[in-house]
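Sequence positions in the sequence shown follow the working numbering and run 261 to 419. For reference, the structure discussed in these notes is given below.
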Amino acid sequence: MPLWKVYHPSGAFSAEDKQELAEQITSVYAAVPIPRFYAVVIFEEVVKGNCFVGGVRNDKFIRFKVDQIARTLPGPIIREWWMRTLDDVIAPFVKERGFDWEISIDETPFDLWSLQGELPPPFESIAEKRWVEENKASPYTYPEKLPAGHFLLTPGVTG
């Protein structure tokens, strides 16, 4: 989480552009915070004459398809904020260069995901904090699934 697939015209991005965009995308997710290695960006060149929008050839179109797994976006206000945040990240690479673009996000269930054979640890758990620091997947113990820091057990709440 997340997997970004960037479908773009041949020559739209230099190697430096790709590196910078991938770093910008990764930084947005790292601010959540989630481990940086969760972010994967794949650039797919679309040969001139192979992209059509509304049935009309468009050689200046870039499509961002994002699969998010580690986190879901609760509610319309957070979703709108996140979409605007991502638009701000990609704007220098598309809007300011005269491209047409589209971005969409699919949210995949967290429990249908693994990294190097490890199921990702729970959000804000001790293990996840360690993964953030180490920037890699590694085995963790059951106690490391507990929340990092303080957590309260509420009296009278049953489940």
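Note that the Cβ used here is the ideal one computed from N, Cα and C, for glycine as well. Predicted, not measured: the structure shown is a model, and the values here were computed from it.
- W264 and I386 have their C-alpha atoms some 27 Å from each other.
- As the crow flies, the alpha-carbon of F324 is around 16 Å from that of Q279.
- In the three-state DSSP reduction, Y298 falls in the helix class (H, G or I).
- The continuous stretches of beta strand (DSSP E) do not include Y289, which lies in the alpha helix (DSSP H) extending over residues 275 to 290.
- Per DSSP, the beta-bridge partners of K265 are I302, K325.
- Proximity of the stretch 371 to 378 to the stretch 387 to 406 meets the contact definition, three or more beta-carbon pairs being nearer than 8 Å.
- F383 is positioned such that its CB atom lies no closer than 9 Å to that of D277.
- In the DSSP assignment, the residues bridged to I365 are V326.
- Closest in alpha carbon position to S364, among I350, V326, L333, is V326.
- DSSP places D347 in the helix class (H, G or I) of the three-state scheme.
- Under the DSSP definition of a beta bridge, R317 partners with F312.
- With respect to the 9 Å criterion, L281 and V392 are not classified as neighbours on the basis of their beta carbons.
- By the criterion of a C-beta distance shorter than 7 Å, P381 is surrounded in its chain by A387, E388, W391, Y400, E404, K405, once the five residues flanking it on both sides are discounted.
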